[in-house]
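One structure is given here, and the rest of the page talks about it.
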Amino acid sequence: MSLRMTRDERETFLADLHVGVIAIADPDPARAPLTAPIWYDYDPAVGVWVLTGPTSRKGVALERAGRFSLVAQTEDLPYRYVSVEGPVVETRPADRERDSRPMARRYFGEKLGDAYVEGGSAEESLVYVMRPERWLTVDYGKLAG
Numbered sequence: 003m004s005l006r007m008t009r010d011e012r013e014t015f016l017a018d019l020h021v022g023v024i025a026i027a028d029p030d031p032a033r034a035p036l037t038a039p040i041w042y043d044y045d046p047a048v049g050v051w052v053l054t055g056p057t058s059r060k061g062v063a064l065e066r067a068g069r070f071s072l073v074a075q076t077e078d079l080p081y082r083y084v085s086v087e088g089p090v091v092e093t094r095p096a097d098r099e100r101d102s103r104p105m106a107r108r109y110f111g112e113k114l115g116d117a118y119v120e121g122g123s124a125e126e127s128l129v130y131v132m133r134p135e136r137w138l139t140v141d142y143g144k145l146a147g
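Residues in the sequence shown are numbered consecutively from 3, following this note's numbering.
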């Protein structure tokens with residue numbers, strides 16, 4: 003019995019609300035890849051996108067590497083995860099209404115999300131869009147039959 007998710011299962015799972023963990027190669031060979039929790043969103047027609055400041059460690063690493071991996075998982079039974087990896091296919095300034103507010107509302111809900119966006123950040127974010135090339139998936143719920 004395979005524990006792999008089907009294409010529809012993995013895309014639905016990735017589109018659901020999870021805090022992702024991003025992994026980006028570090029240009030210093032003495033360092034491991036940068037890994038950090040991150041908000042993300044996913045649409046099969048677009049890819050996976052994240053927002054971060056261009057001078058943040060993540061932003062600098064994304065610019066240099068031009069690709070990243072992201073994993074989303076459940077922390078309750080039955081355990082499931084989807085891991086994707088691919089190139090950054092678009093980088094653009096984040097628009098408050100098109101990008102920042104929907105992302106904040108996705109994770110915080112409308113009221114707290116709006117407060118988060120209105121609180122702002124000293125540094126404007128960029129949107130990094132990745133097109134998944136490789137997928138790894140497991141759904142332990144399939145053990146139950």
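Every residue gets a Cβ at the ideal spot worked out from N, C-alpha and C, and that includes glycine.
Annotation for R69: the continuous beta strand (DSSP E) segment containing it runs 69–75. Bridge pairing for D45: G49 [DSSP].
Taken through DSSP and simplified to helix, strand or coil, Y83 comes out as strand.
Ranked by Cα distance from A34, the first of Y42, V48, A63 is A63. Boundaries of the beta strand (DSSP E) harbouring L138: 136–141, taken from the DSSP string.
Within the same chain, G49, G88, V91 come within 6 Å of R133 by CB-CB distance, once the 5 residues on both sides are set aside.
Each of R94, T93, G122 was checked against the Cα of A106, and the nearest Cα belongs to G122.
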